[in-house]
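Note sheet for the following structure.
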Amino acid sequence: MNSCLGRDFYSRPTVQVARDLVGMKVVRTLVKDELEVRLSGIIVETEAYGGINDEASHARMGPTVRNAVMFGEVGRAYVYFTYGSHFCVNVSARSSRQKAGAVLIRALEPHEGIGLMKLHRASEELYSLASGPGKLTQAMEIGSTLNGTDMTDPASGLFIERGASRGKIVSTPRIGISRATEKNWRFVDSSSIYVSRKTLINVR
DNA sequence: CGCTCGATATTCT
DNA sequence: GAATATCGAGCGA
Numbered sequence: 004m005n006s007c008l009g010r011d012f013y014s015r016p017t018v019q020v021a022r023d024l025v026g027m028k029v030v031r032t033l034v035k036d037e038l039e040v041r042l043s044g045i046i047v048e049t050e051a052y053g054g055i056n057d058e059a060s061h062a063r064m065g066p067t068v069r070n071a072v073m074f075g076e077v078g079r080a081y082v083y084f085t086y087g088s089h090f091c092v093n094v095s096a097r098s099s100r101q102k103a104g105a106v107l108i109r110a111l112e113p114h115e116g117i118g119l120m121k122l123h124r125a126s127e128e129l130y131s132l133a134s135g136p137g138k139l140t141q142a143m144e145i146g147s148t149l150n151g152t153d154m155t156d157p158a159s160g161l162f163i164e165r166g167a168s169r170g171k172i173v174s175t176p177r178i179g180i181s182r183a184t185e186k187n188w189r190f191v192d193s194s195s196i197y198v199s200r201k202t203l204i205n206v207r
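Count along the first sequence starting at 1, add 3, and that's the number in my numbering.
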């Protein structure tokens with residue numbers, strides 16, 4: 004049985020996909036010393052980003068070389084470099100009525116390959132492995148070479164599987180943005196200790 | 001603990 | 001020139 008999320012899952016309104024991704028499992032497969040290694044974590048925090056109507060989105064100015072994935076086929080990885088030293092990973096998702104959209108993966112509860120994640124992050128502390136968008140890309144070895152990767156294909160090395168369980172999901176304003184702060188498009192599993200920030204403004 | 005601030009490269013104005 | 005979907009060191013309580 005293949006539990007990898009397919010194109011249909013991502014062909015829905017971005018905000019709905021963002022909410023539904025909480026509790027799913029991100030899987031990264033790497034080959035180390037000719038052996039396949041599986042790194043994975045349960046998604047505990049996401050954010051939705053839209054198109055021209057979302058003032059906080061990279062896609063607000065229309066298609067560019069950088070944000071092209073947000074306008075392309077859904078289910079692909081949008082990886083970008085920010086603040087001079089960090090990568091962030093999104094998966095493109097939108098309904099047929101939207102022109103662009105993607106879901107930022109903001110935090111994971113480490114699951115498989117924790118030893119290797121500790122090496123990548125140079126830390127032994129479980130909480131610091133993937134409790135933030137820049138941290139989780141470093142832990143899972145996600146960089147610009149994965150931009151545009153098809154995340155509905157397990158052979159690509161980066162995909163998302165159905166999870167088993169999740170706690171209560173709350174929505175809040177998005178983190179680290181200065182525009183469109185009125186939109187509650189951040190979704191977190193309020194029962195998880197692995198979210199990027201513990202001070203939550205509970206909404207809904 | 002919690003808060004402030006500097007680093008650092010790409011993109012936007 | 002300014003801003004940025006961030007992180008971690010350094011500080012004080």
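Beta carbons are placed, not taken as given, at the ideal position from N, Cα and C, and that holds for glycine.
All values derive from a computational prediction rather than experimental measurement.
Handout entry: Beta bridge counterpart(s) of histidine 89 as assigned by DSSP
Key = Thr85
Exercise for the section: Report the rounded CA-to-CA distance for aspartate 11 versus isoleucine 196, giving the unit in angstroms. Expected result: 31 angstroms
Exercise for the section: Leaving out five residues on either side along the sequence, give the residues of the same chain with a beta carbon under 7 angstroms from the beta carbon of glutamate 58. Expected result: Arg182, Ala183
Practice task
Have a look at glycine 54 and arginine 97 and give me their C-alpha separation to the nearest angstrom.
Solution key: 10 angstroms
Handout entry: CA-to-CA distance, alanine 21 to glutamate 128, given in whole angstroms
Key = 27 angstroms
Practice task
Pull up the CB-CB distance for glutamate 48 and valine 173, whole angstroms please, since I reckon it's below 8 angstroms.
Solution key: Going by Cβ atoms, the distance from glutamate 48 to valine 173 rounds to 10 angstroms, so no, they are not a contact pair.
Practice task
Could you tell me the boundaries of the alpha helix (DSSP H) in which arginine 22 lies?
Solution key: 17-24
Exercise for the section: Flag serine 95 as yes when its Cβ comes closer than 7 angstroms to any non-hydrogen atom of the ligand MN, and as no otherwise. Expected result: For the structure depicted, the ligand MN is absent and the ligand set is empty, with no information on it obtainable.
Problem - Boundaries (first-last residue) of the alpha helix (DSSP H) holding arginine 10 - result: 10-13
Handout entry: Alpha-carbon to alpha-carbon, proline 136 and arginine 189
Key = 13 angstroms
Handout entry: Given arginine 177 as reference, the closest of Asn187, Ser168, Lys171, Arg169 once Cα atoms are compared
Key = Asn187
Problem - Contacting residues, own chain, Cβ-Cβ under 8 angstroms from glutamine 101 (five flanking each side not counted) - result: Pro16, Thr17, Gly53, Gly54
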